[in-house]
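In case it helps, full-length UniProt numbering puts the sequence shown at residues 1 to 379.
Where a beta carbon is used, it is the ideal one built from N, C-alpha and C, also for glycine.
All values reported here derive from a predicted model rather than from experimental measurement.
Read through the structure below, which is laid out as C-alpha cells, and then see the notes.
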Amino acid sequence: MADVLRSLNLLETLKESIEKNNISDIRDALEDMLISRINIAITGDRNAEKATFINSLRGLSQEDEGAACSPSSSAPEELAVYPNPKHPDFRLWDLPSISSDASFEAEDYIERFKVMRYNAIIITFTDRPNVNSVAVWREVRSLQKETIYFILLASVKDTEKTLEAKKTASLEVLKAEGVPLPKVFLVQPSALEKLDFLKFLEVMRGDLPEIRSHALLLALPTFSNSMVTQKKDAFKALVWAAASLSGGVSAIPVPLVASMVDATVAIRILTKAQISLCLDDESLEQLARQRGLNPARLKALRTCALSVEVSKSEVKRRLAEAEKDTSTATTRLVELAMPRHARSVSRSFTVMLQALNTAIDDMGADAEKVVAIVTGEGQ
1 MADVLRSLNL LETLKESIEK NNISDIRDAL EDMLISRINI AITGDRNAEK
51 ATFINSLRGL SQEDEGAACS PSSSAPEELA VYPNPKHPDF RLWDLPSISS
101 DASFEAEDYI ERFKVMRYNA IIITFTDRPN VNSVAVWREV RSLQKETIYF
151 ILLASVKDTE KTLEAKKTAS LEVLKAEGVP LPKVFLVQPS ALEKLDFLKF
201 LEVMRGDLPE IRSHALLLAL PTFSNSMVTQ KKDAFKALVW AAASLSGGVS
251 AIPVPLVASM VDATVAIRIL TKAQISLCLD DESLEQLARQ RGLNPARLKA
301 LRTCALSVEV SKSEVKRRLA EAEKDTSTAT TRLVELAMPR HARSVSRSFT
351 VMLQALNTAI DDMGADAEKV VAIVTGEGQ
C-alpha cells in the first residue's frame, strides 16, 4: 500500500506542477526517471557475498561482462564504481571496508570517500557489524542524512537458524552502541526476492526523495510480482507526465508539439519499460543463465509485441488505434482528471494516456509470467 500511495503522490506532484504551469519541472521529472540517475554506496568486506549482491542489483551474474568479482580487482583502499549496463546513470559504488582498528576515525572515512554525496549508503557484513561501522552510521545520521542502512548478507553456508542467530547478535551490537530502534535486513545476495530485500527496498524508497525513489525502482531488475505492480504504477505516472507535455496542457501550449513528439516520447518510455521489466532478449538470457533455465522458454512467454521489440511502427499503430477508439465518455472522464485550463486540448492527452497505459499493462502481464517461472512459482 505504501508503494501505491507513493505512486499516487508522484502523480499529484506532477499534476500540481501542471496547474502552476511549471512545465520545466515536469520535463525534469520525466528525464530523471527515464535516465534513472541515482548513486548508492556499498561498504563492507570485499568478499564473494558483497560482489554477488552488487551484481544482483544490476541484474548480472559473475560471468557477465562488467560484473564485480571476488576477490576484487580493486586495491583494498581504492574506490570502485559499477554502473548498470542498461541504466548507466544508476551507479553502485564499492567503498573499502570499514576497519575494525581502534585508531579508525569515522569522520576521516566519510570525508575521504565522500560518503555524503551518495543518495544512499549500505553497510554490509556477513557476521555482525563492527563498532567502527556503527560510528560511521552515527556520524552520517548526525549530518542529517537518513538513508544509511545495515544489511546482513547470507553466505552459502548459512542456514535459517544461523542467519537468525547472526541477526540477533547484530541487533545486540547496535543496541550496545546506542543505535535507537536498530534495523538489520537479511539479504540473500543471489536471490533478492528472498528474505528481507523487498522490505529493505520499501524502507529505502520511503526515505529517498520521490523522483529518486522511482528512478531506483525502475533501474533495479524485476524479481517479484510486487515490483511489477510498482513499476507499472511508476510508468503510468511517467505516461501522465508525457501525455501532459505532448497534449500541450500547459496554460501556454506550444503549437504542433504533440504531433512532433508523441511517438518519440512514447518509444522512450516503452523502451525503458521493456528493459526495466526485464523483457528484452539480453535480460531474459541473463535471467535464464542465473537460474539455470532455457532462455527460449522465457522468451516464449512474451505475448505483447512491445515486450519483444519496441518498434516505431507498433507504437504508431497503438497511438492510431487509441485515436480511433477513444470514446466521448472516456474523453470526459479524463477531462475531469485534468487541470481546468487544459480541458480544451484533452483529446491528444487522452489518446496518449490510453495507448501507453494499455501497453504498460500488456507488458506488465508478460513480466508477471516471467517472474513466476524465474522464482519457481510457475513451475
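query: When the Cα atoms are used, what is the spatial distance from Ala-266 to Ser-103?
result: Taking the sequence shown and counting its residues from 1, one reaches residue 266 at position 266. Taking the sequence shown and counting its residues from 1, one reaches residue 103 at position 103. Going by the C-alpha atoms only, they are around 55 Å apart.
task: Return the CA-CA distance between Ser-283 and Glu-105, expressed in angstroms with no decimal places.
output: Counting from one through the sequence shown, the residue named residue 283 turns up at place 283. Counting from one through the sequence shown, the residue named residue 105 turns up at place 105. One C-alpha to the other measures close to 42 Å.
field: With 16 other Cβ atoms within 10 Å as the buried cut-off, status of Glu-368
entry: Mapped onto the sequence shown, residue 368 falls at position 368. Buried: at least 16 other Cβ atoms inside 10 Å.
- prompt: Which residue from Phe-150, Glu-31, Ser-142 and Glu-107 puts its Cα closest to that of Ile-42?
  reply: Counting from 1 along the sequence shown, the entry for residue 42 is found at position 42. Comparing Cα-Cα distances from Ile-42 to each of Phe-150, Glu-31, Ser-142 and Glu-107, the minimum goes to Phe-150.
field: Three-state secondary structure assigned by DSSP to Leu-319
entry: As a working mapping, residue 319 is identified with position 319 in the sequence shown. Helix, per DSSP.
message: Using the Cβ count rule (16 or more neighbours within 10 Å means buried), how would you classify Pro-209?
response: Stepping through the sequence shown from its first residue, residue 209 is reached at position 209. Exposed is the call here.
query: Is the beta carbon of Leu-201 less than 8 Å from the beta carbon of Lys-50?
result: Within the sequence shown, residue 201 is the residue found at index 201, counting from 1. Within the sequence shown, residue 50 is the residue found at index 50, counting from 1. Their beta carbons are not under 8 Å apart, which means Leu-201 does not touch Lys-50 by this criterion.
- request: Check whether the Cβ atoms of Met-33 and His-214 sit closer than 8 Å, and answer yes or no.
  value: Looking up residue 33 in the sequence shown gives position 33. Looking up residue 214 in the sequence shown gives position 214. Contact: yes.
- request: Report yes if the C-beta distance between Ala-359 and Arg-317 is below 8 Å; otherwise report no.
  value: To locate residue 359, count along the sequence shown from 1; it is residue 359. To locate residue 317, count along the sequence shown from 1; it is residue 317. Not a contact, by the Cβ cut-off of 8 Å.
query: Are the CB atoms of Ser-61 and Ala-67 nearer to each other than 8 Å?
result: Locating residue 61 in the sequence shown gives position 61, counting from the first residue. Locating residue 67 in the sequence shown gives position 67, counting from the first residue. Cβ distance < 8 Å, so Ser-61 and Ala-67 count as in contact.
- prompt: Is the Cβ-Cβ distance between Pro-189 and Phe-53 less than 8 Å?
  reply: Here residue 189 refers to the residue found at position 189 when the sequence shown is read from its first residue. Here residue 53 refers to the residue found at position 53 when the sequence shown is read from its first residue. For Pro-189 and Phe-53, yes; Cβs fall inside 8 Å.
- prompt: What whole-angstrom Cβ distance do Lys-231 and Leu-298 have, given they're in contact under 8 Å?
  reply: Here residue 231 refers to the residue found at position 231 when the sequence shown is read from its first residue. Here residue 298 refers to the residue found at position 298 when the sequence shown is read from its first residue. Actually they are not in contact, since the Cβ atoms of Lys-231 and Leu-298 sit about 18 Å apart, beyond 8 Å.
Where Gly-178 falls, given that 16 or more other Cβ within 10 Å makes a residue buried: Here residue 178 refers to the residue found at position 178 of the sequence shown. Under this definition Gly-178 is an exposed residue.
Other residues of its chain near Thr-162: CB distance less than 7 Å, five sequence neighbours each side excluded: Sequence index remark: in the sequence shown, residue 162 carries index 162 (1-based). Around Thr-162: no qualifying Cβ.
- request: Report buried or exposed for Asp-325, applying the criterion of at least 16 other Cβ atoms within 10 angstroms of its Cβ.
  value: Here the question's residue 325 lines up with position 325 in the sequence shown. Asp-325 should be labelled exposed.
message: Mapping the DSSP letters down to three states, classify Leu-208 as helix, strand or coil.
response: The residue you call residue 208 lines up with position 208 of the sequence shown. Correct three-state label for Leu-208: coil.
message: Quick test of your reading: Leu-356 and Leu-306, contact by CB under 8 Å. State the CB separation rounded to the nearest angstrom.
response: For the purposes of this step, residue 356 is identified with residue 356 of the sequence shown, where counting begins at 1. For the purposes of this step, residue 306 is identified with residue 306 of the sequence shown, where counting begins at 1. Going by Cβ atoms, the distance from Leu-356 to Leu-306 rounds to 10 Å, so no, they are not a contact pair.
- prompt: Between the C-alpha atoms of Ile-252 and Asn-119, what's the straight-line distance to the nearest angstrom?
  reply: Residue mapping note: residue 252 aligns to position 252 of the sequence shown, counting from 1. Residue mapping note: residue 119 aligns to position 119 of the sequence shown, counting from 1. Model confidence at Ile-252 stands at a pLDDT of 35, short of 50, so the residue's coordinates are unreliable; what they give is reported in the following sentence. Each residue's alpha carbon lies about 35 Å from the other.
message: Can you check which of these residues, Gly-292, Glu-314, Met-352 and Ser-224, is closest to Val-370 by C-alpha distance?
response: Counted from its first residue, the sequence shown places residue 370 at position 370. When only C-alpha atoms are compared, the closest one is Ser-224.
message: If you reduce the DSSP assignment to three classes, tell me which class Gly-376 lands in.
response: Residue mapping note: residue 376 aligns to position 376 of the sequence shown, counting from 1. Looking at Gly-376 - three-state DSSP - the assignment turns out to be coil, as it is neither helix nor strand.
message: Restricting to Cα atoms, I'd like to know which of Thr-350, Glu-31, Ser-170 and Ser-72 is closest to Asn-47.
response: Taking the first residue of the sequence shown as position 1, residue 47 is located at position 47. Comparing Cα-Cα distances from Asn-47 to each of Thr-350, Glu-31, Ser-170 and Ser-72, the minimum goes to Ser-72.
Start-to-end residues for the beta strand (DSSP E) that takes in residue 399: What the structure shows of the chain is the stretch from 1 to 379, and residue 399 is not part of that stretch, so it cannot be assessed.
query: Are there 16 or more other CB atoms within 10 angstroms of the CB of Gly-376, so buried, or fewer, so exposed?
result: Taking the sequence shown and counting its residues from 1, the one referred to as residue 376 is at position 376. Label assigned to Gly-376: exposed.
task: Could you name the residues of the same chain whose beta carbon sits closer than 6 Å to that of Val-374, not counting the 5 residues immediately before and after it, in chain order?
output: Within the sequence shown, numbered from 1, the residue matching residue 374 stands at position 374. So the list reads Leu-287 and Arg-291, once near-sequence residues are dropped.
- request: Could you check what DSSP says for Tyr-109 in three-state terms: helix, strand or coil?
  value: Counting from 1 along the sequence shown, the entry for residue 109 is found at position 109. Looking at Tyr-109 - three-state DSSP - the assignment turns out to be helix.
- prompt: For the segment 113-147, which segments carrying the beta strand (DSSP E) assignment without a break, of at least 3 residues, lie completely within its bounds, in sequence order?
  reply: 120-125
- prompt: What's the C-alpha gap between Glu-111 and Ala-372?
  reply: One-based indexing of the sequence shown puts residue 111 at position 111. One-based indexing of the sequence shown puts residue 372 at position 372. Straight-line Cα distance between these residues: approximately 44 Å.
query: So Val-81 is in the beta strand (DSSP E); what residue range does that whole segment cover?
result: Within the sequence shown, the letter at position 81 stands for residue 81. Taken as a continuous stretch (DSSP letters only), the beta strand (DSSP E) holding Val-81 covers 80-83.
- prompt: Where does the unbroken beta strand (DSSP E) through Asp-281 begin, and where does it stop?
  reply: Residue 281 sits at position 281 when you count from the first residue of the sequence shown. Looking at the DSSP string, Asp-281 is not in any beta strand (DSSP E); the run it does join, the alpha helix (DSSP H), is 281-291.
- prompt: Three-state secondary structure (DSSP) at Ala-329?
  reply: The residue given as residue 329 occupies position 329 in the sequence shown. Model confidence at Ala-329 stands at a pLDDT of 45, short of 50, so the residue's coordinates are unreliable and nothing is read from them.
- request: Kindly indicate which three-state DSSP category residue 382 falls into: helix, strand or coil?
  value: In the structure as shown, the chain starts at 1 and stops at 379, and residue 382 therefore has no counterpart that could be examined.
query: Roughly how many angstroms lie between the CA atoms of Ala-241 and Ser-313, to the nearest whole one?
result: Within the sequence shown, numbered from 1, the residue matching residue 241 stands at position 241. Within the sequence shown, numbered from 1, the residue matching residue 313 stands at position 313. Between Ala-241 and Ser-313, the C-alpha separation is close to 23 Å.
- request: Within 10 angstroms of the Cβ of Arg-117, are there 16 or more other Cβ atoms? Answer buried if so, exposed if not.
  value: Residue 117 sits at position 117 when you count from the first residue of the sequence shown. With fewer than 16 Cβ atoms within 10 Å of its Cβ, Arg-117 is classed as exposed.
- prompt: Going by DSSP, which residues form a beta bridge with Val-187?
  reply: Numbered from its first residue, the sequence shown carries residue 187 at position 187. In the DSSP output, where bridge partners are listed per residue, Val-187 has Leu-153.
query: Smallest Cα separation from Val-351: which of Glu-323, Glu-172 and Lys-183?
result: Position 351 of the sequence shown, counted from the start, is the residue given in the question as residue 351. Selected option, being the one with the closest Cα: Glu-323.
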